[in-house]
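Participant: Following this message is one structure expressed as structure tokens.
2 protein chains.
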Amino acid sequence: MASDHILKRFDQELERLNATINEMGGLTESQFAKALAAVRERDTQAADEVIADDPKVDALDQAVQEQTVKLLALRQPMANDLRVVLSSIKIAAALERIADYAKNTAKRSIVLTHGAPPAAAVAGIDRLGRLVRAALKDVLDAFANDDVDKARDVWNRDEEIDQVYTGLFRELLTYMMEDPSTITACTHLLFMAKNIERAGDHVTNIAELVSFRSTGQSFAEARRKGSGALYSTDGAS
Amino acid sequence: MASDHILKRFDQELERLNATINEMGGLTESQFAKALAAVRERDTQAADEVIADDPKVDALDQAVQEQTVKLLALRQPMANDLRVVLSSIKIAAALERIADYAKNTAKRSIVLTHGAPPAAAVAGIDRLGRLVRAALKDVLDAFANDDVDKARDVWNRDEEIDQVYTGLFRELLTYMMEDPSTITACTHLLFMAKNIERAGDHVTNIAELVSFRSTGQSFAEARRKGSGALYSTDGAS
């Protein structure tokens, strides 16, 4: 049943799936970077481009799903292949959401150009954004090179991102209290900060998936110990 | 290869998968309702319960994933079965996120009890929450009864939810501007409103998936016309 021919085709399809995810990662990274530039430089054209290009990310997510189905159809799925294939769906979904947060940030940056947000607050958004962007870049490298150590490094940086986010959140509240005329602008910055922090959560999830895909164990599981693997195949025939 | 025995086992596993999703839906609905009550009645005990019970939803999501893998392993997946199985993963993921938004809302409700949020704003959150809760209840019924018409009705209500959210957002900004001492409380209410609106988006996604699972077409696709189905199996062998 599982002839050499089918096995070879499976490997080819798997390679194609990885290439699609790498492409999706590259596009997501560029969308995220461009959204940050739009905020930093009040560049509505860059923001418009991010919004216009978001369907390209969705199309790649769709492609991943379709390729996954083909892979599953090529042979009766076994534990390791299933793990790789299902992790791929989840990594693509996480990238799609990161791109979505980039799009939302771009949209809010356009609204912000109508107001006068406190410069220090905008700088804070950029600082948080650069942390997440660096983590995104590294986790994509970790995926491309199947580098679990690098993924663990990204996973460990989540706490710092959360701390910077919390500090920024409090900072924004003080600007609003000091000058109520900044409330609308600062509210958009608050949501931007939240979008970026959530994007960071998804970067952390991808780091987990890179580990899980490769070793069958996530970092949290390794830390908790004794917890079962994400996709048990007990009793699967 | 696909003996009657395997076919029967497949149907049994599928039934079990549906039962797990129904259970997950019921728990998510009760978490969501309890989070709203926690906000409305400043009930920190209810909020604590929502937070404590969130891992139960995660465990059911995990169970759906494991059962899905077993189903896929039982036989080489065909177009219809794949659609049902992959839709189930996505419905579970959407429920998991709705429960997550309920948990976040519950957490913020605890912080809010330390302040004095404007009563009208809290009432606005409750109004928005009730709309989403009703949509959640209906989409779960639509799933349980495979009722595409009911799912379409839920899908159509998304616009109203968005309108109510936008109105509430603006209302909250005015409270903050009028009385800067409410800024911290209103910021939590802003994020709560966003959480509830996002939960509503996921309810809409589930409505799409109920349709897609049953008919192979989502409502948006039916509206756009000519768009391909979500899981193409062209060329799958």
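If you read the protein sequences in the order shown, they are chains A and B. The opening residue of the first sequence carries number 6 in the working numbering; numbering runs sequentially from there. The opening residue of the second sequence carries number 6 in the working numbering; numbering runs sequentially from there. We put the beta carbon where it would ideally sit given N, CA and C, even for glycine.
#1: Using the C-alpha atoms, what's the distance from B:Met182 back to B:Val69?
#2: Go to B:Ala190, then tell me how far its alpha helix (DSSP H) extends in each direction, as first and last residue.
#3: Roughly how many angstroms lie between the CA atoms of A:Ala128 and A:Asp184, to the nearest whole one?
#4: Measure the C-alpha to C-alpha separation of B:Ile56 and A:Phe15 and round it to an integer number of angstroms.
#5: What is the residue span of the alpha helix (DSSP H) that B:Arg248 lies within?
#6: Helix, strand or coil for A:Pro60, going by three-state DSSP, please let me know.
#7: Mind listing the chain B neighbours of A:Val116? Cutoff is C-beta to C-beta under 8 Å, in chain order.
#8: Quick check: the Cα distance between B:Asn27 and A:Glu46, rounded to an integer number of angstroms?
#9: With a threshold of 16 other CB atoms inside 10 Å of the CB of B:Leu145, please say whether the residue is buried or exposed.
#10: Assuming the contact rule is C-beta atoms closer than 8 Å, A:Ala43 and A:Ser114 should be a hit. Round their C-beta distance to whole Å, please.
#11: Could you check which residue in B:Val89, B:Ala40, B:Trp160 and B:Val62 has the C-alpha nearest to that of B:Asn23?
#12: Return the Cβ separation of A:Ile251 and A:Ala198 in integer angstroms, given the expectation that the two are a contact with Cβ distance under 8 Å.
#13: Along chain B, in chain order, which residues have C-beta atoms closer than 9 Å to that of A:Leu195?
#14: Relative to the C-alpha of A:Leu173, which residue among A:Leu87, A:Ala97 and A:Asn200 is closest?
#15: When the Cα atoms are used, what is the spatial distance from A:Ser242 to B:Lys75?
#16: Measuring straight from C-alpha to C-alpha, what distance separates A:Lys230 and A:Glu213?
#17: Whole-angstrom Cβ separation of B:Leu41 and B:Gly120, contact assumed at under 8 Å?
#18: Below 8 Å on the Cβ atoms is my guess for A:Ile103 versus A:His207; work out the distance and round it to an integer in Å.
#19: DSSP on A:Gly31, reduced to helix/strand/coil?
#20: Which two residues bound the contiguous alpha helix (DSSP H) that contains A:Gly129?
#21: A:Asp143: which of A:Phe196, A:Ala98 and A:Thr209 sits nearest, CA to CA?
Facilitator: This is what the structure holds:
#1: On the second sequence, residue 69 of chain B is found 64 positions in, with the first residue counted as 1. On the second sequence, residue 182 of chain B is found 177 positions in, with the first residue counted as 1. So the two alpha carbons sit approximately 46 Å from each other.
#2: For the purposes of this step, residue 190 of chain B is identified with residue 185 of the second sequence, where counting begins at 1. Where B:Ala190 is concerned, the enclosing alpha helix (DSSP H) stretches over Ile188 to Thr220.
#3: For this step, residue 128 of chain A is matched to residue 123 along the first sequence. For this step, residue 184 of chain A is matched to residue 179 along the first sequence. The straight-line gap from Cα to Cα measures roughly 18 Å.
#4: Residue numbering aside, residue 56 of chain B sits at position 51 when the second sequence is read from its first letter. Residue numbering aside, residue 15 of chain A sits at position 10 when the first sequence is read from its first letter. Distance between the alpha carbons of B:Ile56 and A:Phe15 is about 43 Å.
#5: An answer regarding residue 248 of chain B cannot be provided, because it is not within the stretch 6 to 242 covered by chain B.
#6: Here residue 60 of chain A corresponds to residue number 55 of the first sequence, with the count starting at 1. Looking at A:Pro60 - three-state DSSP - the assignment turns out to be helix.
#7: As a working mapping, residue 116 of chain A is identified with position 111 in the first sequence. Here the premise fails: no neighbours, minimum Cβ distance about 12 Å.
#8: Mapped onto the second sequence, residue 27 of chain B falls at position 22. Mapped onto the first sequence, residue 46 of chain A falls at position 41. Straight-line Cα distance between these residues: approximately 48 Å.
#9: Counting from one through the second sequence, the residue named residue 145 of chain B turns up at place 140. That one is buried.
#10: On the first sequence, position 38 is the one that residue 43 of chain A refers to. On the first sequence, position 109 is the one that residue 114 of chain A refers to. Contact annotation, A:Ala43 with A:Ser114: C-beta distance approximately 4 Å; criterion of less than 8 Å satisfied.
#11: Taking the second sequence and counting its residues from 1, one reaches residue 23 of chain B at position 18. The candidate whose alpha carbon is nearest that of B:Asn23 is B:Val89.
#12: Residue 251 of chain A lies beyond the residue range present for chain A, which begins at 6 and ends at 242; the question has no answer from this structure.
#13: Translated into positions along the first sequence, residue 195 of chain A becomes position 190. Those are Thr192, Leu195 and Phe196, listed as they occur along chain B.
#14: Against the first sequence, residue 173 of chain A aligns to sequence position 168. The candidate whose alpha carbon is nearest that of A:Leu173 is A:Asn200.
#15: One-based indexing of the first sequence puts residue 242 of chain A at position 237. One-based indexing of the second sequence puts residue 75 of chain B at position 70. In this prediction, A:Ser242 has a pLDDT of 29, which is less than 50 and means its spatial position is unreliable; nothing more can be read from the coordinates.
#16: Your numbering for residue 230 of chain A matches position 225 in the first sequence. Your numbering for residue 213 of chain A matches position 208 in the first sequence. Summary for A:Lys230: the model assigns pLDDT 48, below 50, so the residue's position carries little reliability, and this model does not support an answer.
#17: The residue you call residue 41 of chain B lines up with position 36 of the second sequence. The residue you call residue 120 of chain B lines up with position 115 of the second sequence. In this structure B:Leu41 does not touch B:Gly120 by the C-beta definition: roughly 18 Å separates them, more than the 8 Å allowed.
#18: Residue numbering aside, residue 103 of chain A sits at position 98 when the first sequence is read from its first letter. Residue numbering aside, residue 207 of chain A sits at position 202 when the first sequence is read from its first letter. Going by Cβ atoms, the distance from A:Ile103 to A:His207 rounds to 5 Å, so yes, they are a contact pair.
#19: Here residue 31 of chain A corresponds to residue number 26 of the first sequence, with the count starting at 1. Residue state for A:Gly31 is assigned as helix, using DSSP reduced to three classes.
#20: Stepping through the first sequence from its first residue, residue 129 of chain A is reached at position 124. Bounds of the alpha helix (DSSP H) holding A:Gly129 are Ala124 to Ala149.
#21: Your numbering for residue 143 of chain A matches position 138 in the first sequence. Checked all of A:Phe196, A:Ala98 and A:Thr209; the closest Cα to A:Asp143 is A:Thr209.
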